[in-house]
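J.: Protein sequence lines, in the order shown, are assigned to chains A and B.
Going letter by letter, the first sequence gives residues 1 to 133 in my numbering.
Going letter by letter, the second sequence gives residues 1001 to 1383 in my numbering.
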Amino acid sequence: MGHTTNTDPRFDGPGPDAQYRQALLEGRFVLQHCEDCSAARFPPALVCRSCGSARLSWRVSPGAGEVYATTTVRDRAGDYNVAIVQLEQGARMMSRVDGIAADAVRIGLPVQAHIVPGDEPFVVFTPAQGGAA
Amino acid sequence: MSHPLRGRTAIVGIGNTRRWNAPDRSPFDQLQEASVLALEDAGLRLKDVDGLFCSLSTSGLPVLNVAERLGIQPRHADGTMVGGASFIFHLQSAMSALVNGLCDVALICYGSNQLTAGGKLASMPDPQPYENPYKPRYPISSYALAAARHMHEHGTTREHLADVAVAARAWAQLNPDAFMREPLTREQVLASRMVSDPLSKADCCLVTDGGAALVLTRADRARDLPRKPAYLLGTGIGISHRQISAMPDLTTTAAVESGQRAYAMAGVGPRDIQHRMLYDAFTINTLLFLEDLGFCKKGEAGPLVSSGAISPGGRLPVNTNGGGLSCNHPGMYGLFTVIECVEQLRGQCGARQVPGVQLALAHANGGVLSSQATAILGSADTL
């Protein structure tokens, strides 16, 4: 500590994973957007997956999306859902759809994000209210 | 003009321990035995090996551990680890190293005690913090998500998936070295315990032990060695993601790219291939790779398989050893796809021999449809 090296200021501060987690801890679900090609990115990273640009900025996600793929994990302790959700901004994430039977989750189901709080917060989804998103 | 790597190297030795349930043998034991067998098959000795290619799911420093145990000091080495496809990545790397003089005799080797280590097997140190909260069963849930999407987009059914397992078993019944040889019906597959919808236990590959190895030399030397050389005509690799959520399209794998690269190097197309090994970690894999490697159009692999095309006697023989579904699957299966191609080209497959194979294709998969690698092998007549 105390020794300052000649770092590139564009990349100073906490890394993308840490920034994402900090936002969730503060109750905000945020996504990176590319300032060059506008693609949304998840999971967090230093560069845009679409165009390779390092100019990414954070925006709060409205959390609306739909189920892109779904599976029911059959477990002795109870079946549960694992899904890939496509967010309206274009990024996809692995998650879970709650508030509906695990095997009733269908591809194309409109869903809404919620943050599960805790030391390691994460995002789950429930069926969107009011039908089609 | 043909590609500078086409036909310039050959597989001159193969080793397969065929020890699918081998208590008290470490992954290194299996690997060493396979290496000895492959070198004996090639008529070469350990001291001839100057290029070492290996990866293990149980060792972070595979090249060092393997070189020490084999007592060799290679002048070229590659420990690329991309899951089950690693060994065809190694094959491509070895071809280039041999042709460019970085080594003269390349050994590609693998061993595993996946079955008998049971719960003691340490999982790979590769945490996925953006998946862990949702507890997907690894790796089956990722393949299940791809299967669900394929069903949604293309009308693929559980019956289509079941018929992949049935075809693999039919081939295994012709292979005395296959681990599972009892008859298997579509109804039995469909009645199997569901693990991660739509994939049941019978949609999953076996969990076995095993060891495998290949020895490669340049083509000019291969002609002077005892075995009929299996010439490497083309290879290609493709990488699309690590986590399934990052796969660009869950119904299309990077086998499209790996296949196109391999076909381009070999100067052949899917219609020229007479025998194919498609890494079947799960039944959905076989469907995806039939499509992505150009053996049928996207979405048509299910009906193709149900027509009997990939089964014994069918027009597109696939996974003739019984595959990962019925022959063996020791953690990473990639080398076994290549070994079966070599045995078919040598014409030594007995009841499961595909008549007159001159051109064979081995395709391997790694991670969760993440890495793909294709190799096209041919007899001397294809050079």
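Built from N, CA and C at the ideal position, the CB exists for glycine as well.
Answer yes or no: does any C-beta atom of chain B fall closer than 8 Å to that of Val73(A)?
T.: Closer than 8 Å to some Cβ of chain B, the Cβ of Val73(A) qualifies, so yes.
J.: If we define contact as Cβ-Cβ less than 8 Å, is Asp1197(B) a contact residue for chain A?
T.: Closer than 8 Å to some Cβ of chain A, the Cβ of Asp1197(B) qualifies, so yes.
J.: To the nearest angstrom, how far is the alpha carbon of Thr1157(B) from that of Ala1147(B)?
T.: Distance between the alpha carbons of Thr1157(B) and Ala1147(B) is about 9 Å.
J.: Please look up how many angstroms separate the CB atoms of Asn1113(B) and Cys1327(B), rounded, as I've assumed it's under 8 Å.
T.: At roughly 17 Å, the Cβ-Cβ gap does not stay under 8 Å, so Asn1113(B) and Cys1327(B) are not in contact.
J.: Any idea what DSSP makes of Thr1252(B), helix, strand or coil?
T.: In the structure shown, Thr1252(B) sits in coil (DSSP, three-state: anything other than H, G, I, E or B).
J.: Is the stretch 1283-1297 of chain B in contact with the stretch 1122-1140 of chain B, if contact means three or more CB pairs nearer than 8 Å?
T.: Output reads no: the stretch 1122-1140 of chain B does not touch the stretch 1283-1297 of chain B.
J.: Which residues in chain B sit within 7 Å of Pro43(A), going by Cβ to Cβ distance?
T.: Ordered by position in chain B, the residues that pass the 7 Å Cβ test against Pro43(A) are Tyr1130.
J.: Check whether the stretch 97-110 of chain A and the stretch 63-74 of chain A touch, using three or more Cβ-Cβ pairs below 8 Å as the test.
T.: Cβ pair count under 8 Å is three or more, so yes.
J.: If you measure from the beta carbon of Ala133(A) to each beta carbon in chain B, is any gap under 8 Å?
T.: Caution applies to Ala133(A), whose pLDDT of 41 falls short of 50 and renders its modelled position unreliable; the model cannot decide the point.
J.: Any idea which residues DSSP pairs Met94(A) with across the strands?
T.: Met94(A) is bridged to Ile84(A).
J.: List the residues of chain E whose Cβ lies closer than 9 Å to the Cβ of Lys1298(B), in chain order.
T.: Among the chains of the structure shown, chain E does not appear; the protein chains present are A and B.
J.: Can you pull the chain A neighbours of Arg1149(B), defined as C-beta to C-beta under 8 Å?
T.: Within chain A, the residues near Arg1149(B) are Tyr68, Ala69 and Ile107.
J.: Give the secondary structure of Thr72(A) by DSSP, where H, G and I count as helix, E and B as strand, and everything else as coil.
T.: Reduced to three states, the DSSP call for Thr72(A) is strand.
J.: Skipping 5 residues on each side, what residues in its chain have a beta carbon closer than 8 Å to that of Gly13(A)?
T.: So the qualifying residues of the chain are Gln19.
J.: Count the other CB atoms, across all protein chains shown, that sit within 10 Å of the CB of Glu1033(B); report buried if there are 16 or more and exposed otherwise.
T.: It counts as buried.
J.: Please list the terminal residues of the continuous alpha helix (DSSP H) segment that includes Val1189(B).
T.: Counting along the chain, the alpha helix (DSSP H) containing Val1189(B) begins and ends at Arg1186 to Leu1190.
J.: Please list the segments of the alpha helix (DSSP H) lying wholly inside the stretch 1283-1338 of chain B, counting only runs of 4 or more residues, in order along the chain.
T.: If we require 4 residues or more, the alpha helix (DSSP H) runs fully inside the stretch 1283-1338 of chain B come out as 1283-1292, 1301-1306 and 1323-1326.
J.: Taking one C-beta from the stretch 1196-1204 of chain B and one from the stretch 1343-1353 of chain B each time, how about it: are there three or more such pairs within less than 8 Å?
T.: The stretch 1196-1204 of chain B vs the stretch 1343-1353 of chain B: no contact.
J.: Whether or not the stretch 83-95 of chain A and the stretch 37-47 of chain A are in contact is what I'm after, with contact meaning three or more pairs of Cβ atoms, one per stretch, closer than 8 Å; do they touch?
T.: Yes, the stretch 37-47 of chain A is in contact with the stretch 83-95 of chain A.
J.: Listing by chain order, which chain B residues have their CB less than 8 Å from the CB of Ile84(A)?
T.: Chain B residues near Ile84(A): Leu1145, Ile1244, Ser1245 and Leu1250.
J.: So, does the CB of Asp119(A) fall closer than 8 Å to a CB anywhere in chain B?
T.: With 8 Å as the cut-off, Asp119(A) does not count as an interface residue toward chain B.
J.: Does the beta carbon of Arg1137(B) come closer than 8 Å to any beta carbon on chain A?
T.: At least one chain A Cβ lies under 8 Å of Arg1137(B).
J.: From Ser1192(B) to Ala1144(B), what distance separates their C-alpha atoms?
T.: Those two C-alpha atoms are separated by around 15 Å.
J.: At least one CB of chain B closer than 8 Å to the CB of Arg55(A): is that the case?
T.: It does not: the Cβ of Arg55(A) has no partner Cβ on chain B nearer than 8 Å.
J.: Going along chain A, which residues have a C-beta under 7 Å from His1152(B)?
T.: Here the neighbours are Ile107.
J.: Below 7 Å on C-beta distance, what does Phe122(A) contact in chain B?
T.: In chain order: Pro1133.
J.: Quick one: which chain B residues come within Cβ less than 7 Å of Asp12(A)?
T.: Those do not exist, as Asp12(A) stays about 23 Å from chain B at its closest Cβ, beyond 7 Å.
J.: Rounded to the nearest angstrom, what separates Leu1115(B) and Cys37(A) at their Cα positions?
T.: Distance between the alpha carbons of Leu1115(B) and Cys37(A): 48 Å.
J.: Quick check: Arg1186(B) and Val1166(B), are their CB atoms within less than 8 Å of each other?
T.: Yes; because the gap between Cβ atoms is below 8 Å, this pair is in contact.
J.: Can you list, in chain order, the residues of its chain with a C-beta nearer than 7 Å to that of Gly1259(B)? Leave out the 5 residues immediately preceding and following it.
T.: Taken in chain order, the residues that qualify are Gly1236, Asp1292, Leu1293, Gly1294 and Thr1374.
J.: Please work out which residues of its chain come closer than 7 Å, Cβ to Cβ, to Ala132(A), disregarding the five sequence neighbours upstream and downstream, and give them in chain order.
T.: Summary for Ala132(A): the model assigns pLDDT 46, below 50, so the residue's position carries little reliability, and this model does not support an answer.
J.: Indicate the three-state DSSP secondary structure (helix, strand or coil) for Phe11(A) in the structure shown.
T.: If DSSP states are grouped into helix, strand and coil, Phe11(A) belongs with the helices.
J.: Kindly indicate which three-state DSSP category Ile1244(B) falls into: helix, strand or coil?
T.: Helix at Ile1244(B).
J.: Give a yes or no on whether the C-beta atoms belonging to Ala1106(B) and Ala1097(B) are separated by under 8 Å.
T.: A contact, by the Cβ cut-off of 8 Å.
J.: Mind checking if Ser38(A) is an interface residue toward chain B, Cβ cutoff 8 Å exclusive?
T.: Chain B contact via Cβ: absent.
J.: In chain order, what residues of the same chain lie with their CB nearer than 6 Å to the CB of Phe1336(B), ignoring the 5 residues before and after it?
T.: Hits under 6 Å: Ala1212.
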